[in-house]
Amino acid sequence: MTPILDADVMLRAERLAKSFVLHNQGGVRIDVFADLTLDVRRGECLILSGPSGAGKSSLLRSLYANYKPQSGAVLVRHGTEIVDLCTAEPYRILEVRRRTLGYVSQFLRVIPRVPTLDLVTAPLTDRGVDPDEARERAGTLLARLRIPPALWRLPPATFSGGEQQRVNIAMTFVQDYPILLLDEPTASLDVENRWTVTDLIAEACKRGAAVVGIFHDAEVRAAVGTRSYDLDGGRQAA
Amino acid sequence: MTGERAPLLKVRDLSHRYGRNLGCRDVSFDLHPGEVLGIVGESGSGKTTLLKCVSGQLQPTTGSISYRTRDVGPVDVYGMSEARRRLLMRTDWGIVYQNARDGLRMKVSAGANVGERLMAIGDRHYGHIRAEAVDWLERVEMDLGRIDDLPATFSGGMQQRLQIARNLVTKPRLVFMDEPTSGLDVSVQARLLDLIRGLVGSLGIACVVVTHDLGVVRLLSHRLMVMKGGDVVEHGLTDQVLDDPQHPYTQLLVSSILPV
Numbered sequence: 001m002t003p004i005l006d007a008d009v010m011l012r013a014e015r016l017a018k019s020f021v022l023h024n025q026g027g028v029r030i031d032v033f034a035d036l037t038l039d040v041r042r043g044e045c046l047i048l049s050g051p052s053g054a055g056k057s058s059l060l061r062s063l064y065a066n067y068k069p070q071s072g073a074v075l076v077r078h079g080t081e082i083v084d085l086c087t088a089e090p091y092r093i094l095e096v097r098r099r100t101l102g103y104v105s106q107f108l109r110v111i112p113r114v115p116t117l118d119l120v121t122a123p124l125t126d127r128g129v130d131p132d133e134a135r136e137r138a139g140t141l142l143a144r145l146r147i148p149p150a151l152w153r154l155p156p157a158t159f160s161g162g163e164q165q166r167v168n169i170a171m172t173f174v175q176d177y178p179i180l181l182l183d184e185p186t187a188s189l190d191v192e193n194r195w196t197v198t199d200l201i202a203e204a205c206k207r208g209a210a211v212v213g214i215f216h217d218a219e220v221r222a223a224v225g226t227r228s229y230d231l232d233g234g235r236q237a238a
Numbered sequence: 239m240t241g242e243r244a245p246l247l248k249v250r251d252l253s254h255r256y257g258r259n260l261g262c263r264d265v266s267f268d269l270h271p272g273e274v275l276g277i278v279g280e281s282g283s284g285k286t287t288l289l290k291c292v293s294g295q296l297q298p299t300t301g302s303i304s305y306r307t308r309d310v311g312p313v314d315v316y317g318m319s320e321a322r323r324r325l326l327m328r329t330d331w332g333i334v335y336q337n338a339r340d341g342l343r344m345k346v347s348a349g350a351n352v353g354e355r356l357m358a359i360g361d362r363h364y365g366h367i368r369a370e371a372v373d374w375l376e377r378v379e380m381d382l383g384r385i386d387d388l389p390a391t392f393s394g395g396m397q398q399r400l401q402i403a404r405n406l407v408t409k410p411r412l413v414f415m416d417e418p419t420s421g422l423d424v425s426v427q428a429r430l431l432d433l434i435r436g437l438v439g440s441l442g443i444a445c446v447v448v449t450h451d452l453g454v455v456r457l458l459s460h461r462l463m464v465m466k467g468g469d470v471v472e473h474g475l476t477d478q479v480l481d482d483p484q485h486p487y488t489q490l491l492v493s494s495i496l497p498v
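Residue numbers (the working numbering), protein chains in the order written: chain A, 1 to 238; chain B, 239 to 498.
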C-alpha cells in the first residue's frame, strides 16, 4: 500500500527508532531515539534542538538514509511518489538523493584532486543540465559564498575550514532541492558568510523547500527557523 | 518493473565449493543498469570466487545467474552455449583484472589492444578502428605518442588505463573489476578512480567491483556487499554500510581503517 501524506508534507519520520549496538565493545547498546514521529512541510525550516548527544545528527542522518533506523519509516515526497527510505532499494535512495533530498554535513568529503568548480558543477551535469550553464551557476554561487575565483581551479583539500564548509554548502545549494537537511552548515563560518548562508536557507524556504536543520548559533536559529523539534536525549542503556 | 528499471543481472542462491572447501554460499542480488556494486572482504572471504562466478568464468556449484540481454531479454548465463557466452563477454561485458597482464595482450601495441576488441565484434574498417582506439586512449588520458608501443613498456597505472580502454571500446553494459587499483601508487590510484567513476557514470555502465579497500568502494560504489568466510554478512547502500555498520565483522572492518 502506498503511504499517504498531506499535500504539503514533504518528509515524514514515522515511529522511527535508532539505536547502536557496538559488537566489538562488549555489545553495548545505545538507544538514541524511539517512536519518533514528525512532519516537515513545504516552506518551513524545522530546527532540531537539544543538548549535545541528544541524537540530532543521528536523526538527520537517518532522514538521509545514511544511518539505518531499527524500525519505523522515513517517507519522502519524491516527485509524484512517496518513497520509504527505510525499505527502498539502494538505487532508489540514490535517485531520491539526486533529485529530492539534499544534505549538508559538517565535513567536506569529496574525491581527491578534483577542482572545486567541477565539484560544484557535477550535481547539475549529473542530472542533465548543460555543462556551460552548470558551470555558470556553480561560479555564481561560489562567488556569492566568497570563494575567490583563483581557488575554483584547485581541489578544496588545502582550503581553510570555513572555505571547505562553503564549498560543501555550494555543492548542495547549486540545485534547488525540494528537501534540505542541514547539519550545522554555519558552524565554522565568519559573520558575513553566516548571513549569506542564512539568506540561502531563507530563499530555499521561500521557493517552497522543506528544511530540517541543526544550528548551534542562536541568531541563525532565530533568523531561519519556523518551528523547532526538541530531542531530549533519552539515552538510557536498555 | 519494465525497461531500464528492470535488473540487468539477477543472481540467486549462488554457491561455489572447491571440492570440500567453500568458496561462497547462498549469494543473491540484483544489479540495475548504471549501478555500481562493491564487494569487500578479507583474503579468502570468497569475493573473487563470487566475481568469477557472476562474470561467466567459473560455473557455480548451485544457484542461477540471469543476464538481461539487449535483444532477447533475460538469459541464463550458464544455460547458454559456450560460444554464446564468449560472445556476450566480448561485446556486452568487460572484465578489468587486477593484474593488467591477465587482461591485455602484451605482444601487441596499445592501439591494437583496443582495436582488437572491435575486430572481435566484426569491425573490419581499419580507419574506423584506429580512430576509435585513439578516441578511447584519449578518454583514459593516455599519451597518444605511445599508441604503437607495447604494453610491457608501460607503467602499472598506464597498463590499467589501457585495460579500461580495451574494455569500454565495445560500449559494454556491465563491467567486472577485480582490485582495479590495488597494485598502484596511491597518487595514481586517486586519478584512476576518478577516471573510472567519471566514465562509468557518464556511460551509465553497471559495475561489480571487488576490492579490499574501503576507500575505493566509498568513492566508486553505490551499493556494498561485505563478505566473510564465504557468506555475505551485510549488504546495503554504501555510505550506510560504512557509516552505520550493523554486523560485528563490518564494524570491525570499518573501525580498523588507519587514520591518515
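Even for Gly, the Cβ is constructed at its ideal location relative to N, Cα and C. Quick caveat, the model's predicted, so the values are computed rather than measured.
Taking 7 Å as the threshold, the shortest C-beta distance from A:Asn168 to chain B does not fall below it. When only Cα atoms are considered, B:Ala244 and B:Leu275 end up about 16 Å apart. Within 9 Å of the CB of A:Lys206, no CB atom of chain B is found; the nearest one sits about 30 Å away.
Taking every protein chain shown into account, the CB of B:Ala444 has 16 or more other CB atoms within 10 angstroms, so this residue is buried.
Taking a Cβ-Cβ cut-off of 7 Å, the neighbours of B:Glu273 in chain A comprise Tyr91, given in sequence order. Judged by DSSP in its simplified three-state form, B:Arg255 adopts strand.
Following the DSSP letters along the chain, one finds B:His366 inside the alpha helix (DSSP H) bounded by residues 364-377.
Secondary structure note for B:Val471: its beta strand (DSSP E) is the uninterrupted segment 469-475. Using beta-carbon distances, A:Lys68 counts as an interface residue toward chain B, with a partner under 7 Å. Beta-bridge annotation (DSSP): A:His78 is paired with A:Glu81.
For A:Pro155, the closest Cβ of chain B is not nearer than 7 Å.
Beta-bridge partners of A:Ile214 (DSSP): A:Asp183. The Cβ atoms of A:Thr172 and A:Val224 lie no closer than 7 Å to each other.
The straight-line gap separating the alpha-carbon atoms of B:Met380 and B:Leu400 is approximately 8 Å.
Annotation: Cβ neighbours of B:Pro486 in chain A (cutoff 7 Å, chain order): His23, Asn24. With at least 16 other beta carbons inside 10 angstroms of its own, B:Pro298 counts as buried.
Note that the region 391-398 of chain B touches the region 332-349 of chain B; at least 3 beta-carbon pairs, one per stretch, sit closer than 8 Å.
Per DSSP, the continuous beta strand (DSSP E) segment holding B:Gly311 begins and ends at 311-314. Contact of A:Arg29 with chain B is not assigned, every C-beta pair being separated by 7 Å or more. Counting only residues of its own chain and dropping the five nearest sequence neighbours on each side, B:Met327 has a CB closer than 6 Å to the CB of Gly294. The beta carbon of A:Pro131 sits no closer than 7 Å to any beta carbon of chain B. In the pairwise beta carbon analysis, the region 33-51 of chain A is classified as touching the region 203-219 of chain A: at least three pairs are separated by under 8 Å.
Going by beta carbons, B:Arg368 and B:Arg404 fall outside the 7 Å limit.
Counted as a single uninterrupted DSSP element, the alpha helix (DSSP H) harbouring A:Thr140 occupies residues 131-144.
With a cutoff of 7 Å on beta-carbon distance, A:Leu75 and A:Asp84 are scored as near each other. For A:Met171, the uninterrupted alpha helix (DSSP H) segment begins and ends at 161-173.
Under the 7 Å criterion on CB atoms, A:Pro115 is classed as non-interfacial with respect to chain B. When C-beta distances to chain A are compared with 7 Å, the residues of the region 465-484 of chain B below that value are Gly474, Leu475, Asp477, Gln478, Asp481, Asp482, Gln484, in chain order. Counting only Cβ-Cβ distances below 9 Å, B:Ser319 has no contacts in chain A at all, with the closest Cβ about 32 Å away. Straight-line spacing of the CA atoms in B:Val378 and A:Pro123 works out to 22 Å. The three-state secondary structure of B:Arg306, taken from DSSP, is strand.
Closer than 7 Å to the CB of B:Arg411 there is not a single CB belonging to chain A.
Contact annotation: B:Gly301 and B:Arg384 have beta-carbon atoms that are not nearer than 7 Å. Linking A:Gly79 to B:Val464 through their CA atoms gives a straight-line distance of about 33 Å.
Among the residues of chain B, none has a CB under 9 Å from the CB of A:Pro148; the nearest is roughly 24 Å distant.
Neighbours of A:Pro123 across chain B, judged by C-beta separation under 7 Å, do not exist; the nearest C-beta is about 12 Å away.
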